[in-house]
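*Asks:*
Protein chains in written order, with the working numbering: chain A, 1 to 114; chain B, 1001 to 1111.
#1: Where in the region 22–47 of chain A do unbroken runs of the beta strand (DSSP E), each at least 3 residues long, occur, reported from the N-terminal end onward?
#2: Measuring only between beta-carbons, confirm whether residue 41/A sits less than 8 Å from chain B.
#3: Going by the CB atoms, is the gap between residue 10/A and residue 95/A shorter than 8 Å?
#4: Mind checking residue 89/A: buried by the 16 CB within 10 Å criterion, or exposed?
#5: I'd like to confirm the pairing. Which residues does DSSP put opposite residue 1034/B in its beta bridges?
#6: Would you call the region 1067–1074 of chain B and the region 1047–1058 of chain B touching, i.e. three or more CB-CB distances under 8 Å?
#7: Excluding the five sequence neighbours on either side, which residues of its own chain have a C-beta within less than 7 Å of the C-beta of residue 1045/B, listed in chain order?
#8: Taking the alpha carbon of residue 1049/B as the reference point, which residue from 1042/B, 1032/B and 1039/B has its own alpha carbon closest?
#9: Quick one: list the residues of chain A neighbouring residue 1098/B, beta-carbon separation under 9 Å, in chain order.
#10: Could you name the residues that DSSP lists as bridge partners for residue 1010/B?
#11: Distance, Cα to Cα, residue 1096/B vs residue 98/A?
#12: Any C-beta of chain B sitting closer than 8 Å to the C-beta of residue 102/A?
#13: Mind the definition here: the region 1014–1032 of chain B touches the region 75–82 of chain A only if three or more C-beta pairs lie below 8 Å; say whether that holds.
#14: Report the residue from 113/A, 50/A, 114/A and 58/A whose alpha carbon sits nearest the alpha carbon of residue 69/A.
#15: Using a beta-carbon distance below 8 Å, is residue 106/A in contact with chain B?
#16: For chain B, is any of its Cβ atoms less than 8 Å away from the one on residue 90/A?
#17: Run through the DSSP bridge pairs and tell me what residue 7/A is partnered with.
#18: Quick one: is residue 113/A buried, meaning 16 or more other Cβ sit within 10 Å of its Cβ, or exposed?
#19: Kindly indicate which residue of 1084/B, 1074/B and 1040/B has the alpha-carbon position closest to the one of residue 1052/B.
#20: Quick test of your reading: residue 977/B and residue 1105/B, contact by CB under 8 Å. State the CB separation rounded to the nearest angstrom.
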């Protein structure tokens, strides 16, 4: 079973604060993703990557940066956090892209921006 | 661009009753479709997936889904729900480079 670990599990920050969410997968997957989940919106893709050093823009990228430092590690950065970024964030990974590849999700990070 | 509509934000069923969760998709061409489940305080897990072939797809824990091209639908079904099925269910369609999820349906089980 693929393992995706997110940290921290919960985070509280203030408006204008600097936040980094971490994600590590240990299954040699090529693709990694950051989603946010909000009531009434479901899951929305923020950024994704298909390898170390690669970054692709998702559907709701504004206010977020991401960096894939290794095949295992994918970080989401909020440099000037705003209350609108209060959300539940999920990281996911998949071996490759395409129907035959399942996304494996972490347990999520709940972020509150006060 | 592709899209998914789950018209029911919340569905309540009695334990042991049958279940149908609705999903409508919009996609140019032949879609690849998925159902994911999110149990309380957990990440999403794959329930089942469809790619061209048999329109009825079997998943885990007794779930199945039926693809209809004419109705642009991919509804999820289960013959008899259990309290452990209490979760949020997401339908998704695969695009060129990403999955697009619906807003999810919260399934509530009544004893």
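Built from N, CA and C at the ideal position, the CB exists for glycine as well. Computed from a prediction, not measured in an experiment: that's the story for all the values here.
*Replies:* Taking the structure as given:
#1: 31–38
#2: yes
#3: no
#4: buried
#5: 1049/B and 1092/B
#6: yes
#7: 1036 and 1037
#8: 1032/B
#9: 33, 45, 48, 56, 58, 59 and 97
#10: 1106/B
#11: 8 Å
#12: yes
#13: no
#14: 50/A
#15: yes
#16: yes
#17: 22/A
#18: buried
#19: 1074/B
#20: No information on residue 977/B is available, as it lies outside the stretch 1001 to 1111 that chain B covers here.
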